[in-house]
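Engineer:
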Amino acid sequence: MPELPEVETVRAGLASHVIGALVKEIKVHDSRSLKRNFSGPDGFIKELTGESLQGVIRRGKFLWLPLTATRAVVCHLGMSGQVLVRSKDFGEDKLTRISLRLEKPTGEEIEMRFVDQRLFGGMQIDDLVDTGDNSPAGYFPEGEGRSLIPTSVSHIARDLLDPNFDAGLVVSKMRKRNSGIKRVLLDQNLLSGIGNIYADESLWRSRLHYDRPAIEISARKLRELIDVSQEVLREAVERGGTSFDEQYKNVNGESGYFSQDLNAYSRAGLPCQRCGSAIKRQAWANRSSYFCPRCQRR
DNA sequence: AGAAAATCCTGCCGGC
DNA sequence: TGCCGGCAGGATTTTC
-16 MPELPEVETV
-6 RAGLASHVIG
4 ALVKEIKVHD
14 SRSLKRNFSG
24 PDGFIKELTG
34 ESLQGVIRRG
44 KFLWLPLTAT
54 RAVVCHLGMS
64 GQVLVRSKDF
74 GEDKLTRISL
84 RLEKPTGEEI
94 EMRFVDQRLF
104 GGMQIDDLVD
114 TGDNSPAGYF
124 PEGEGRSLIP
134 TSVSHIARDL
144 LDPNFDAGLV
154 VSKMRKRNSG
164 IKRVLLDQNL
174 LSGIGNIYAD
184 ESLWRSRLHY
194 DRPAIEISAR
204 KLRELIDVSQ
214 EVLREAVERG
224 GTSFDEQYKN
234 VNGESGYFSQ
244 DLNAYSRAGL
254 PCQRCGSAIK
264 RQAWANRSSY
274 FCPRCQRR
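Note that this note's numbering has the first sequence beginning at -16, numbered continuously upward.
#1: How about I177 and L169: are their beta carbons less than 8 Å apart?
#2: Would you call the segment 255 to 274 in contact with the segment 191 to 201, where contact means no fewer than 3 C-beta pairs closer than 8 Å?
#3: Is D210 helix, strand or coil by DSSP?
#4: Tell me, please, which residues DSSP counts as bridged to V66.
#5: Quick one: complete alpha helix (DSSP H) runs, 4+ long, within the segment 172 to 201?
#6: Does the segment 113 to 121 touch the segment 19 to 29, meaning 3 or more C-beta pairs lie closer than 8 Å?
#7: Out of curiosity, what's the CA-to-CA distance linking T79 and F103?
#8: List the endpoints of the continuous alpha helix (DSSP H) containing S155.
#9: Where does the unbroken beta strand (DSSP E) through T79 begin, and where does it stop?
#10: In terms of residues, what are the limits of the alpha helix (DSSP H) holding V56?
#11: With respect to the beta strand (DSSP E) encompassing I8, which residues constitute its N-terminal and C-terminal limits?
#12: Could you give the DSSP three-state label for G(-4): helix, strand or coil?
#13: What residues in its chain sit with their C-beta under 7 Å from that of H138, if we drop five residues either side in the sequence?
#14: Quick one, are the C-beta atoms of T225 and G239 less than 8 Å apart?
#15: In terms of DSSP beta bridges, what is I40 paired with?
#16: The beta strand (DSSP E) spanning L168 covers which residue range?
#17: Contact check, H127 vs A4 under 8 Å by CB: the rounded distance?
#18: So, helix, strand or coil for K204, using DSSP?
#19: Can you list, in chain order, the residues of its chain whose CB lies under 7 Å from that of S242, leaving out five sequence neighbours each side?
#20: What do you reckon, are the CB atoms on R42 and A120 nearer than 8 Å?
#21: Hey, how far is the Cα of Q107 from the Cα of P124?
#22: Below 8 Å, how does it come out for the segment 154 to 166 and the segment 198 to 207: are there three or more Cβ pairs, yes or no?
#23: Report all residues from its chain with a CB closer than 6 Å to the CB of L205; omit the five preceding and five following residues, and keep chain order.
#24: Using a threshold of 8 Å, state whether the C-beta atoms of L60 and P(-15) are closer than that.
#25: Below 8 Å between beta carbons: does that hold for S16 and F97?
#26: Give me the residue from D145, R277 and R19 with the minimum Cα distance to Q118.
#27: Quick one: what does DSSP say G23 is sitting in, helix, strand or coil?
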């Protein structure tokens, strides 16, 4: 699934349901969805049961739910992960790997389900550490913006929609990279939140070819690319993300609508909305790149 | 150190 | 109907 807009849609949905909820019972149906968990499913269940969920915070494509001042549940959706919130008597969801039975402050019981086809995503409990910069570590408008981040997320750069995202700094770092601009855009250690879809969309809007070396793009053009990327991500958040199939859903199991607004991704053979040329799809780094061969020249 | 490739997985779809 | 190859929105680890 999921890039920043999809993960943000999930975050907001989760926040509206689970903040303050008490974890009553946990079922780990597939322990492969527990990442870096050295104490096994039993350790996960033991630590989390009886805790209450203090918030839902996002940086880039990572989510975490603080339990205490020092520990949080980290959740990453990988390629095909979903988090669904179901009422007590809702039927089973296929491919549910982990489920948490929760009691809301109102007394209502709900179930939070981590569903994942490909098992690239997962959950773990992790230490919270200080970011050191005295700014909120991630996006959490419903609560307190503390500068605490899970150890396993601390290497991820601030995302493009973070108020503390430093565009000037990122541009200067990008200019030193010899790789193609798309590879650079996808480097979560440099700037986070962008994946294959929004990389292609941002490059299309900026009229940049995906393989153009970042080092030869002007600072001004890179700044424009960042501005455009932020615009694309904001629009996609407004539309509830991009859904092509059953893979991506919000916490209520509903699709997003940004796929209607795509100009490049998944549009091979269709006319470019700017110049009418057929959009091309090229194999790239074990996946695909979509671009307009006329508007986006190397 | 930076860059690129390999790796972790399952389900679905289209073609034969 | 069934088998097979190709495909999928990502991050981490390994290799050069």
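Every residue gets a Cβ at the ideal spot worked out from N, C-alpha and C, and that includes glycine.
Structural biologist: With the structure as the only source:
#1: yes
#2: yes
#3: helix
#4: F97
#5: 179 to 189
#6: no
#7: 14 Å
#8: A150 to M157
#9: T79 to E86
#10: Where V56 is concerned, there is no enclosing alpha helix (DSSP H), although the beta strand (DSSP E) it sits in stretches over R54 to H59.
#11: At residue 8 the sequence reads Glu, which differs from the Ile that was named. Element bounds for E8: L5 to V11.
#12: helix
#13: N172
#14: yes
#15: W47
#16: Run containing L168: none in the beta strand (DSSP E); it sits in the alpha helix (DSSP H), I164 to L168.
#17: First, the residue type needs correcting, since residue 127 is Glu and not His in the sequence shown. Their Cβ separation, rounded to whole angstroms, is 17 Å, which puts E127 and A4 out of contact at 8 Å.
#18: helix
#19: T225, S226 and F227
#20: yes
#21: 23 Å
#22: yes
#23: V154 and M157
#24: yes
#25: yes
#26: With the sequence shown as reference, residue 118 is identified as Ser, and Gln is not the correct amino acid for it. Minimum Cα distance to S118 is reached at D145.
#27: helix
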